[in-house]
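S.K.: In our numbering, the protein residues as written are 17 to 171.
The C-beta atom is built at its ideal place from N, Cα and C for all residues, glycine as well.
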């Protein structure tokens, strides 16, 4: 996009924190991590059993799951029966929850981009999409670039 408009300056992310009503705030005692395991695109979703194994490898605080559908919530509860979760929270509530967390882990989907927009520490799991194109890394973000199960690359 930058080359199409002959804009050769480096892209910088500016923090854009949405306004939120007190009644919409989600209050959770720190420390906690926000986990966003889903995506509208099935091929962008990291297998939940592998995500659980990944989380078991690290010492982590309380996990707070954010889901975008009833199906995602069922999957979370299948692996974490006593999970604290929020299904389809308002964008402003989700963004403020991310701001208050120690880390946000998510797939190549809206939540990681929302997290990055406020400078929250973010670990993004990419599959077929090229993370160097679609997710600008910063000092507070990290990316795992996976592969497409059909051996295709999407630029």
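Got a sec? Which residues, its chain only, sit under 8 Å from residue 113 by beta carbon, not counting five neighbours each side?
M.R.: Once the five neighbours on either side are set aside, the close Cβ partners of residue 113 are 42, 44, 50, 80, 82, 102, 105.
S.K.: Starting from residue 7, follow the alpha helix (DSSP H) in both directions and report where the run begins and ends.
M.R.: Nothing about residue 7 can be reported from this structure: the residues present for the chain run from 17 to 171 only.
S.K.: So the candidates are 47, 107, 141, 126; which of them puts its Cα closest to the Cα of residue 37?
M.R.: Among 47, 107, 141, 126, the Cα nearest to that of residue 37 is on 107.
S.K.: Tell me which residues share the same chain as residue 134 and place their Cβ nearer than 8 Å to its Cβ, disregarding the 5 neighbours each side in the sequence.
M.R.: If we look at residue 134 and ignore the five residues flanking it on each side, its Cβ neighbours are 31, 32, 33, 111, 114, 115.
S.K.: Residue 120: buried (16+ other C-beta within 10 angstroms of its C-beta) or exposed?
M.R.: Residue 120 should be labelled buried.
S.K.: Based on Cα-Cα distance, which residue from 61, 75, 68, 35 lies nearest to residue 48?
M.R.: The option with the nearest alpha carbon to residue 48 is 75.
S.K.: Short check: CB of residue 93 to CB of residue 78, under 8 Å?
M.R.: Not in contact: residue 93 and residue 78 (Cβ atoms no closer than 8 Å).
S.K.: Please state if the CB of residue 141 and the CB of residue 160 are separated by a distance shorter than 8 Å.
M.R.: Cβ distance < 8 Å, so residue 160 and residue 141 count as in contact.
S.K.: With residue 134 as the anchor, note down where its beta strand (DSSP E) starts and where it stops.
M.R.: Per DSSP, residue 134 belongs to no beta strand (DSSP E) and is neither H nor E.
S.K.: Do residue 9 and residue 53 have their CB atoms nearer than 8 Å?
M.R.: Lying before the first or after the last residue shown, residue 9 is absent from the chain, which here runs from 17 to 171.
S.K.: Going by DSSP in three states, residue 74 sits in which element: helix, strand or coil?
M.R.: The answer is coil: DSSP assigns residue 74 none of H, G, I, E or B.
S.K.: CB-CB under 8 Å to residue 56, same chain, minus the five flanking residues each way: which ones, in chain order?
M.R.: Taken in chain order, the residues that qualify are 84, 125.
S.K.: For residue 89, which residues of its own chain have a beta-carbon under 7 Å away from its beta-carbon, when the five flanking residues on both sides are left out?
M.R.: The residues are 83, 101, 103.
S.K.: By DSSP's criteria, residue 51 is part of a beta bridge. Which residues make up the other side?
M.R.: Paired residues: 81, 121.
S.K.: For residue 62, name the three-state secondary structure that DSSP assigns.
M.R.: Residue 62: coil per DSSP, three-state reduction.
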